[in-house]
């Protein structure tokens, strides 16, 4: 947990970190899902997290423990 300013509470509060999967750039059809699988399969596991998710496919959020506001905090080139 870390201290950060919450725009909803208007003060410094405790925040937790949360990682969520980004929405897929591929469609919902079977053909598009196969494309998504192959793209992930051939992108390699060199940049994978322990949970199996790649940093390119995840977004980092800070969540206020007081009000629950989620703030997107993708800093650095690994989240681009």
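Numbering (this note's numbering), first residue to last: 7 to 86. Ideal Cβ positions, reconstructed from N, Cα and C, are used throughout, including at glycine.
Report back the beta-carbon spacing between residue 75 and residue 14 to the nearest angstrom; my notes put them in contact at under 8 Å. Residue 75 sits at position 69 when you count from the first residue of the chain shown. Residue 14 sits at position 8 when you count from the first residue of the chain shown. Rounded, the Cβ-Cβ distance is 5 Å, consistent with contact.
Cα separation between residue 7 and residue 24? Taking the chain shown and counting its residues from 1, one reaches residue 7 at position 1. Taking the chain shown and counting its residues from 1, one reaches residue 24 at position 18. The straight-line gap from Cα to Cα measures roughly 11 Å.
Is it true that the CB of residue 28 sits closer than 9 Å to the CB of residue 64? Numbered from 1 along the chain shown, position 58 holds the residue referred to as residue 64. Numbered from 1 along the chain shown, position 22 holds the residue referred to as residue 28. In this structure, residue 28 lies closer than 9 Å to residue 64 by Cβ.
Nearest to residue 30 by alpha carbon, out of 16, 18, 45? Against the chain shown, residue 30 aligns to sequence position 24. Comparing Cα-Cα distances from residue 30 to each of 16, 18, 45, the minimum goes to 45.
Would you mind sorting residue 70 into buried or exposed? The rule is 16 or more other CB atoms within 10 Å of its CB. Counted from its first residue, the chain shown places residue 70 at position 64. Buried: at least 16 other Cβ atoms inside 10 Å.
Segment limits, alpha helix (DSSP H) that includes residue 79: Translated into the one-based positions of the chain shown, residue 79 becomes position 73. Careful: residue 79 lies outside any alpha helix (DSSP H) and carries neither H nor E.
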